[in-house]
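Mapping the sequence shown onto the UniProt record's numbering, position 248 (from 1) lands on 248, and the numbers just tick up by one. C-beta: ideal position from N, C-alpha, C; glycine also. As the structure is a computational prediction, the values presented were derived from the model and not from experiment. These notes concern the structure reproduced below.
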Amino acid sequence: MNPQELKSILSHGLLSFPVTDFNAQGDFHQAGYIKRLEWLAPYGATALFAAGGTGEFFSLAASEYSQVIKTAVDTCATSVPILAGVGGSTRQAIEYAQEAERLGAKGLLLLPHYLTEASQDGVAAHVEAVCKSVKIGVVVYNRNVCRLTAPLLERLAERCPNLIGYKDGLGDIELMVSIRRRLGDRFSYLGGLPTAEVYAAAYKALGVPVYSSAVFNFIPKTAMDFYHAIARDDHATVGKIIDNFFLPYLDIRNRKAGYAVSIVKAGAKIAGYDAGPVRTPLTDLLPEEYEALAALIDKQGPQ
């Protein structure tokens, strides 16, 4: 799949990030991950991101990363394209990128770099180096310490033909509008705020109709129903699902830092696809929070 083909795929539909399965000892659980992917693939996601943020990329060892990407690529070879999360320092990100390409990933999601703040030119050089290290398509994720501006993205687009997507995790509407207006159809644009459904209608109005759904991990039917309601401007259905699920879900998610991942793993367990615990520094939901989530999921009906 060449970068332009990937761009076309990412320009419509619902995307998601499968959680990464760990066993009770915290090691990668391949059989559970295969079962998860086989369950999710038929629900209609346009593409899946392996070892992304929800997949705890930041806690995987290099050898585990290879196992996760290979398992995802092999399992979904005939069903849905796999993009691999990559990140860290420039040299680390290049190693991950080249490994993902070698293993057959159709594209990359370039996650923000490490903790240290960096200048705009430095971040742009980082993105350019990763793009030029591979031939497959790359989506850059503006979030946290990665805050690329429209002029820099335009420069990167000129220098890196395989930079085909922009994912926004900042929620800066002014910046999003400036990027969308300046770059036009050069990129595929993805909404990437945590629990993106809450912002989906607003982002669609900005010309960003595609987003990644974390809750697809445990209520895939509801996630697809919500996406289709957004696509057809069914405001009544959108409002009903936001009121009945997403707002109480956010009440649980916002109780602790890092719960954006922890609550998804809890949801997967409730749905019958236990992915094991999160790895430190994340922490799992408390028992009462888990029970509240279980009651909320039960109200959504069969998936």
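Item                                                                                                                                                                           : Value
Going by other Cβ atoms of all chains shown within 10 Å of its Cβ, with 16 needed for buried, is residue 289 buried or exposed?                                                : buried
Reducing DSSP to helix, strand and coil, say where residue 13 ends up.                                                                                                         : coil
Alpha carbon to alpha carbon, what distance is there between residue 57 and residue 253?                                                                                       : 20 Å
Is there contact between the stretch 111-131 and the stretch 143-155, where contact requires at least three CB pairs shorter than 8 Å?                                         : yes
Looking at C-beta atoms only, is the number of pairs between the stretch 61-80 and the stretch 26-36 that lie closer than 8 Å three or more?                                   : yes
For the stretch 212-227 and the stretch 181-201, state whether three or more C-beta atom pairs, one from each stretch, are separated by less than 8 Å.                         : yes
Quick one, which of 20, 105, 50 has its alpha-carbon nearest residue 6's?                                                                                                      : 105
Determine whether the beta carbon atoms of residue 130 and residue 97 lie at a separation below 7 Å.                                                                           : yes
Rounded to a whole number of angstroms, what is the C-alpha to C-alpha distance between residue 269 and residue 94?                                                            : 34 Å
Within the continuous alpha helix (DSSP H) that includes residue 168, where are the two ends?                                                                                  : Not the alpha helix (DSSP H): residue 168 falls in the beta strand (DSSP E), residues 163-168.
What does DSSP give as the partner residue(s) for residue 28 in the beta ladder?                                                                                               : 22
Taking only three categories from DSSP, how would you classify residue 137?                                                                                                    : strand
Tell me which residue opens and which closes the beta strand (DSSP E) that residue 82 is part of.                                                                              : 82-86
Quick check on the DSSP output: what are the complete alpha helix (DSSP H) runs of length 4 or more inside the stretch 50-85, in order along the chain?                        : 62-75
Tell me the rounded alpha-carbon separation between residue 133 and residue 50.                                                                                                : 20 Å
By the DSSP assignment, the alpha helix (DSSP H) with residue 301 in it spans what residues?                                                                                   : Looking at the DSSP string, residue 301 is not in any alpha helix (DSSP H), and its letter there is neither H nor E.
First and last residue of the beta strand (DSSP E) that includes residue 190?                                                                                                  : 188-191
From the DSSP output, read off the bridge partner residues of residue 47.                                                                                                      : 15
Using the beta-carbon count (16 or more within 10 Å), is residue 228 buried or exposed?                                                                                        : exposed
Measuring only the C-alpha atoms, how far is residue 149 from residue 120?                                                                                                     : 8 Å
Between which residues of its own chain and residue 199 is the CB-CB distance below 8 Å, once the five residues before and five after are set aside?                           : 171, 191, 193, 211
Excluding the five sequence neighbours on either side, which residues of its own chain have a C-beta within less than 7 Å of the C-beta of residue 159, listed in chain order? : 128
Is the beta carbon of residue 20 sitting closer than 7 Å to the one on residue 68?                                                                                             : yes
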